[in-house]
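To keep things clear, I will list the structure first and then write my remarks on it.
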DNA sequence: GAAGGCTTCGTTAGCGCTAACATCTTGGTT
DNA sequence: AACCAAGATGTTAGCGCTAACGAAGCCTTC
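Residue numbers (our numbering), protein chains in the order written: chain A, 91 to 457; chain B, 91 to 457.
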């Protein structure tokens, strides 16, 4: 009712358009001046009897619009089912409202969940994410991806990929926009986010040490992975801190197959009583190798993994591991992006999420 | 080495901008008439001594440009490091060059890899993908996602999510753009792509039957999953085709935990000699339940999974399963999108990828 | 009761492109 | 030599918004 009244009050000024609406010729025919394609701001303006600028004001929630006018405009918007064109907006505002996400490498549990968390956080912050996924990690593909995104005028570019090379490549590019990467090592010249891999590894190792183990080996991730490096460092430091000797670690590639291969070798070494494996996937491979070799876990060998993928609880035996909150990491990434975009100093504790020990059946006191 | 070299080469070209960043008032001042911000078509035009339209012609590879002029323009473009603004292009061309991808639900192995394949294919086709990921599958979130994408003027919207509800919701929305979903059941009113879940299930079941099994149970995925339904149908049909009785299937939720729970029940039933599990994750749970219950696999019970995740080969015992090419599916999705966009009838065999039997140690002849 | 100051609105320019048309060269024709 | 058709370019309008300014109208205030 109020709307109608308001409309009548304003009639004088927009006589023409209103009578057009009422359809001079006949029954409930659709408005004659109804826009043909997608309605624009001008269509709304005409219908509400105001200037397009007033529509813009309503849309952007600016002050200086009379309540009645606002109402009228809002109604017109609703009636026409109008939505502003993001393209035109980006054009006029000179910003795309877009964040580029590069996801390089295998879509593993961690990265995938981080990407999910990031995507949701970006959406919540009003940004759109333009995603470039690729299996390969080589410099040229990565460079292309960044350029693609830069060319789309992304306001920031995020890289989710644990490989050091990817981060290095990114650092070498001047995209003209802030770059944020998941990187557990400090990377001068770019913004980074990560979980506390080092601390996680320390805790994993100390869990083993606390169980009385002394010959604790490490099956590391690929040398090019920063996470792998941090975990390795954490393990070695923890060992030394307890007067133990961190022996030469084995190096896998995160996949179960490599864990299996490395496990076969380890299984032959009777001196080893525990092993800290770089991730859960390699752990399952290693567990399988032990089974084949007749090495009992945890009786003969304690095994602890990293990540806590949903299947870890059903390994044979159920895997003790370090749980990581990847979705949280994804949200942290977006938080950092926002900080950077606002030119605020990135909060220093964006790397503070510490993996949590989940004890299951694959670790036991040294027999 | 090669990488390093490339990086160094790139150094030279970005020297200026880097120093700009570091010190705003540095000596290596850029050309006087250099555009301040991002160069536009007019900057290129001025530098090349032509009109902006000629630049546009060169950019869009139109005819009617003298070779010498073209060269001059191209040089100016290179010198200014100019790239056309996609936003302005979208504005003028009235198309966004954007495909919306909705990824709903857990980022599992299948969907993640399909998304990867899709993303790469979209990029190859010159499209940008705007991704909306969300953990939840409810109608309202999904509807919002579609509107988000529609509002971005995506030229097509793709849904990767096995749940029937998602597809139904999508169908109920008139986004004004083509919708393509991964759906293994026919969905009138929308375009769909999928792998041949039915045939895959038939083959899995026949593998078991060929091994002499008769009491073959099925642990299905959630009722809301179309893939689960198709696999169930394939199993039941195969059973009947061989004169066997498809007993009431158990229903899980794709996760290892549910496979474990269901496995505990199944393990009590000594009449069962084989089970076809809806996916590999549930299989690992089921395998664990068997282990706990003292049921030997494959001696007492044969188990076959579905998907062939990379860890399947290291289950205890290594899992016989049906391998699916998810990346290929992703590419199929994009191919369908292109067909739809070109208004071509979608090739009927976009649903023809048949899962491939991978025999490992979890199935054996009926003892 | 005229000068200021709000509030509320409209007008005018762009944003960086493409599309359509206009213009100016050429060189071949008659 | 006048003429026309291409070919090669330039001009002019938009695309649908936002930003900056300008112009009313209505209260104040002295």
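Virtual Cβ for every residue (Gly too), placed ideally from N, Cα, C.
Note that this is a predicted model, so its numbers are computed, not measured.
Checklist entry - Between B:401, B:344, B:346 and B:340, which lies nearest to residue 356 (chain B) when the distance is taken from Cα to Cα? => result Measuring from the Cα of residue 356 (chain B), the nearest candidate turns out to be B:340.
Checklist entry - Quick one: Cα of residue 415 (chain B) to Cα of residue 209 (chain B), how far? => result Here the alpha carbon of residue 415 (chain B) sits roughly 15 Å from the alpha carbon of residue 209 (chain B).
Checklist entry - Nearest chain A C-beta to residue 132 (chain B) closer than 9 Å, yes or no? => result Chain A contact via Cβ: absent.
Checklist entry - Is residue 308 (chain A) near residue 365 (chain A), with beta carbons less than 9 Å apart? => result Judged by beta-carbon spacing, residue 365 (chain A) lies within the 9 Å limit of residue 308 (chain A), meaning their Cβ atoms are closer than that value.
Item to check | chain B contacts made by the region 389 to 406 of chain A, where a contact means CB separation under 8 Å | outcome: When CB distances to chain B are screened at a threshold of 8 Å, the residues of the region 389 to 406 of chain A falling below it are 400, 401, 403, 404, 405 and 406, in chain order.
Checklist entry - If you follow the alpha helix (DSSP H) that residue 210 (chain B) is part of, which residue opens it and which one closes it? => result Segment 199 to 214, the alpha helix (DSSP H) holding residue 210 (chain B).
Checklist entry - Can you give the beta carbon distance from residue 453 (chain A) to residue 394 (chain A), rounded, assuming they're within the 8 Å contact cut? => result Contact between residue 453 (chain A) and residue 394 (chain A) holds: CB atoms are separated by about 5 Å, below the 8 Å threshold.
Item to check | chain B contact for residue 209 (chain A) (CB, 9 Å cutoff) | outcome: Yes - at least one Cβ of chain B is within 9 Å of the one on residue 209 (chain A).
Checklist entry - Are residue 248 (chain A) and residue 427 (chain A) closer than 9 Å when you measure CB to CB? => result Yes, the Cβ-Cβ distance between residue 248 (chain A) and residue 427 (chain A) is below 9 Å.
Next on the checklist: In the DSSP output, which residue or residues are listed as bridge partners for residue 281 (chain A)?
Outcome noted: Answer by DSSP bridge pairing, in chain order: A:270.
Checklist entry - Three-state secondary structure (DSSP) at residue 447 (chain A)? => result Correct three-state label for residue 447 (chain A): strand.
Checklist entry - Helix, strand or coil: how does DSSP classify residue 241 (chain A) here? => result Residue 241 (chain A) falls in the helix class under three-state DSSP.
Item to check | Between the CA atoms of residue 195 (chain B) and residue 226 (chain B) - distance to the nearest angstrom | outcome: Taking the straight line joining both Cα atoms gives about 6 Å.
Checklist entry - How about residue 253 (chain B) and residue 185 (chain B): are their beta carbons less than 9 Å apart? => result No. Outside cutoff.
Item to check | C-alpha gap between residue 235 (chain A) and residue 175 (chain A), whole angstroms | outcome: As the crow flies, the alpha-carbon of residue 235 (chain A) is around 26 Å from that of residue 175 (chain A).
Checklist entry - Leaving out the 5 sequence neighbours to the left and right, which residues in its chain are closer than 8 Å to residue 220 (chain A) when beta-carbon positions are compared? => result Around residue 220 (chain A): 188, 189, 190, 191, 239, 242 and 244.
Item to check | Terminal residues of the alpha helix (DSSP H) in which residue 137 (chain B) lies | outcome: Where residue 137 (chain B) is concerned, the enclosing alpha helix (DSSP H) stretches over 131 to 138.
Checklist entry - Can you tell me whether DSSP reads residue 188 (chain A) as helix, strand or coil? => result DSSP, read as helix, strand or coil, puts residue 188 (chain A) in strand.
Next on the checklist: Helix, strand or coil, according to DSSP, for residue 158 (chain A) in the structure here?
Outcome noted: In this structure, residue 158 (chain A) counts as helix in the three-state DSSP scheme.
Checklist entry - Should residue 417 (chain B) and residue 203 (chain B) be called a contact, given that it needs their Cβ atoms to be closer than 9 Å? => result The answer is yes: Cβ separation under 9 Å.
Next on the checklist: What does the alpha-carbon distance come out to for the pair residue 107 (chain A) and residue 166 (chain A)?
Outcome noted: At residue 107 (chain A), the pLDDT of 35 sits below 50, so the modelled position is not reliable; the number obtained from the coordinates is stated separately. Rounded to whole angstroms, residue 107 (chain A) to residue 166 (chain A) spans 12 Å at the Cα level.
Checklist entry - Quick one, are the C-beta atoms of residue 371 (chain B) and residue 324 (chain B) less than 9 Å apart? => result In this structure, residue 324 (chain B) does not lie closer than 9 Å to residue 371 (chain B) by Cβ.
Checklist entry - How would you list, in chain order, the residues of chain A whose beta-carbon sits under 7 Å from the beta-carbon of residue 285 (chain B)? => result The premise fails here: residue 285 (chain B) is roughly 17 Å from chain A at the closest Cβ pair, so nothing lies under 7 Å.
Checklist entry - DSSP three-state call for residue 128 (chain B): helix, strand or coil? => result Per DSSP, reduced to three states, the secondary structure at residue 128 (chain B) is coil, with no helix or strand assignment.
Next on the checklist: Is the separation between the beta-carbon of residue 281 (chain B) and that of residue 363 (chain B) shorter than 9 Å?
Outcome noted: Between residue 281 (chain B) and residue 363 (chain B), the C-beta gap is not smaller than 9 Å, which leaves the two residues out of contact.
Item to check | Chain-ordered chain A contacts of residue 374 (chain B) [CB-CB under 8 Å] | outcome: In chain order: 401, 404 and 405.
Item to check | Check whether residue 218 (chain B) and residue 263 (chain B) have beta carbons under 9 Å apart | outcome: The Cβ atoms of residue 218 (chain B) and residue 263 (chain B) do not sit closer than 9 Å to each other.
Checklist entry - In chain B, which residues lie less than 7 Å from residue 218 (chain A) when you measure between Cβ atoms? => result For residue 218 (chain A), the chain B residues whose C-beta falls within less than 7 Å of its own C-beta are 220 and 242, listed in chain order.
Item to check | Inter-residue CB distance, residue 163 (chain B) and residue 138 (chain B) (contact presumed, cutoff 8 Å) | outcome: Right, their Cβ atoms sit about 5 Å apart.
Next on the checklist: Given this structure, state the Cα-to-Cα distance separating residue 141 (chain B) from residue 135 (chain B), to the nearest angstrom.
Outcome noted: Spanning the two alpha carbons is a distance of roughly 5 Å.
Checklist entry - At which residues does the alpha helix (DSSP H) containing residue 416 (chain A) begin and terminate? => result For residue 416 (chain A), the enclosing alpha helix (DSSP H) stretches over residues 416 to 431.
Next on the checklist: In whole angstroms, give me the CA-to-CA distance for residue 358 (chain A) and residue 344 (chain B).
Outcome noted: Cα to Cα, residue 358 (chain A) sits roughly 36 Å from residue 344 (chain B).
Checklist entry - How about residue 266 (chain A): is its C-beta nearer than 9 Å to some C-beta of chain B? => result True, the Cβ-Cβ gap to chain B drops below 9 Å.
Next on the checklist: Suppose the cutoff is 7 Å on Cβ atoms and the five residues either side in sequence are ignored; what does the same chain contact list for residue 118 (chain A) look like?
Outcome noted: For residue 118 (chain A), the pLDDT reaches just 40, beneath the cut-off of 50, and the residue's location in the model is therefore unreliable, leaving the point undetermined.
Item to check | Short-range partners of chain A found in the region 355 to 382 of chain B, where Cβ spacing is below 8 Å | outcome: Listed by position, the residues of the region 355 to 382 of chain B near chain A (Cβ gap below 8 Å) are 371, 374, 375, 377, 378 and 381.
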